[in-house]
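Engineer: Residue numbers (mature numbering (1 follows the signal peptide of the UniProt record, and there is no 0)): -17 to -1, 1 to 298. First, the structure itself, so that you have it in front of you.
Here is the structure:
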């Protein structure tokens, strides 16, 4: 499944609307562990199976559980846990694509798929009550400054009739950043003593890791990725060889002149360019409409306003 870097830059808040605010009461606790082998995989049927049993049974990762036949769903898994800070967690980087939203993991927070907390004072007067040991309920508007969220969303979260495209999986209708006040996410602050380093391409803003690989305090991108800055943001994008084997994810293309994987606007898995961008037949990606038309394969498009994968999927 393609992970669109710029969509991830919207902090992948998950279902901010009805889904995000749906209570996730206990037992939402993670399993305690000392090694990955103590953890589980989540099958496409929704069962949690011990990793050792899953490997023995030959259960493999599904590209899309929705495309797996009902009779075969127990043969594939949707997500695999890892032992992080003594708890079995679903690891992630920026995108929530890898997080099992159906189990309440609606967003990616500091490298792990996270559950919501703090929104039901009547049933859970202690916000930390729905979080597992070591984790706390990190609250928006308190631990996490709302201004950080507003900056990342570019104002798209507020106002009536606004687009909800910045919130992957978001419910219908307009939402506002202020709706987050009083809610939070179960996790470990990135500035806590002994906390893990932020994922590649992110830096610790206080409580929360934020995407900006160009920041002086950012964790370096992996060797297989490059820090690419554009449109006021920066993110790690997978490297590739335009003249070699296609190593990009489905729906992406290795861009000539860049050697980076970006979402393509051509072909079966094409994305639709957002306003102000047009599909370049030559580069096969969305580029600014005012980009000079005399570009060739040697043009350094990183010097432009920027080619982008900040698109909405077609269909």
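Even glycine gets a Cβ: it sits at the ideal position worked out from N, Cα and C.
1. Give the range of the alpha helix (DSSP H) segment to which residue 39 is assigned.
2. Suppose only complete runs of 3+ residues qualify. What are the beta strand (DSSP E) ranges in the region 213 to 244, listed by chain order?
3. Quick check: what's the CA-CA separation for residue 264 versus residue 248?
4. Could you check whether the region 171 to 180 touches the region 25 to 39, counting it as contact only if at least three pairs of C-beta atoms, one from each stretch, sit closer than 8 Å?
5. Determine the burial state of residue 254: buried for a count of at least 16 other Cβ atoms within 10 Å of its Cβ, exposed for fewer.
6. What are the boundary residues of the beta strand (DSSP E) that residue 119 is part of?
7. For residue 259, report the span of its beta strand (DSSP E) as first-last.
8. Tell me the rounded alpha-carbon separation between residue 156 and residue 88.
9. Quick check on this structure: which residue in 198, 184, 200 has the alpha carbon closest to the alpha carbon of residue 207?
10. Quick one: what's got a C-beta closer than 6 Å to residue 191's C-beta in the same chain, skipping five residues either side?
11. In this structure, does DSSP put residue 51 in helix, strand or coil?
12. I want to know whether the region 158 to 178 touches the region 217 to 234 - three or more CB-CB distances under 8 Å.
13. So, with DSSP's three-state summary, where would you put residue 177?
14. With a CB to CB cut of under 6 Å and the five nearest residues on each side skipped, what residues in its chain are close to residue 256?
15. Where does the unbroken beta strand (DSSP E) through residue 60 begin, and where does it stop?
16. Using a Cβ-Cβ cut-off of 7 Å (strictly less than) and excluding sequence neighbours within five positions of residue 187, which residues of its own chain qualify?
17. Let's see if you can read the secondary structure: which residues bound the beta strand (DSSP E) around residue 23?
18. Quick one: grab the DSSP three-state call for residue 127.
19. In chain order, what residues of the same chain have a beta carbon less than 8 Å from the beta carbon of residue 129, not counting five sequence neighbours either side?
20. Below 8 Å, can you find three or more Cβ-Cβ pairs linking the region 38 to 53 to the region 88 to 98?
21. Less than 8 Å between the C-beta atoms of residue 26 and residue 73, yes or no?
22. Is residue 222 closer than 8 Å to residue 242 when the C-beta atoms are compared?
23. Taking the straight line between their C-alpha atoms, what separation do you get for residue 54 and residue 66?
24. Use the C-beta contact count for residue 62: other C-beta atoms within 10 angstroms, 16 or more gives buried, fewer gives exposed.
25. Please report the distance separating the alpha-carbon of residue 71 from that of residue 102.
26. Do you know how far the Cα of residue 99 is from the Cα of residue 193?
27. Just how far apart, CA to CA, sit residue 238 and residue 224?
28. Please classify residue 110 as buried or exposed, where buried requires at least 16 neighbouring CB atoms within 10 angstroms.
29. Compare the C-alpha of residue 29 against each of 196, 57, 125 and name the closest.
30. Using three-state DSSP, classify residue 203 as helix, strand or coil.
Structural biologist: Well, looking at it:
1. 34 to 40
2. 216 to 221, 235 to 237
3. 9 Å
4. no
5. buried
6. 119 to 122
7. No beta strand (DSSP E) contains residue 259, which DSSP labels as neither H nor E.
8. Confidence in residue 156 is poor, its pLDDT being 39 and thus under 50, which makes the residue's placement unreliable; the coordinate value appears in the next sentence. The alpha-carbon atoms of residue 156 and residue 88 are separated by roughly 21 Å.
9. 184
10. 127
11. coil
12. no
13. coil
14. 248, 262, 269, 294
15. 59 to 63
16. 173, 174, 181, 200
17. 23 to 26
18. strand
19. 123, 160, 161, 163, 164
20. no
21. no
22. yes
23. 30 Å
24. buried
25. 24 Å
26. 18 Å
27. 9 Å
28. buried
29. 57
30. coil
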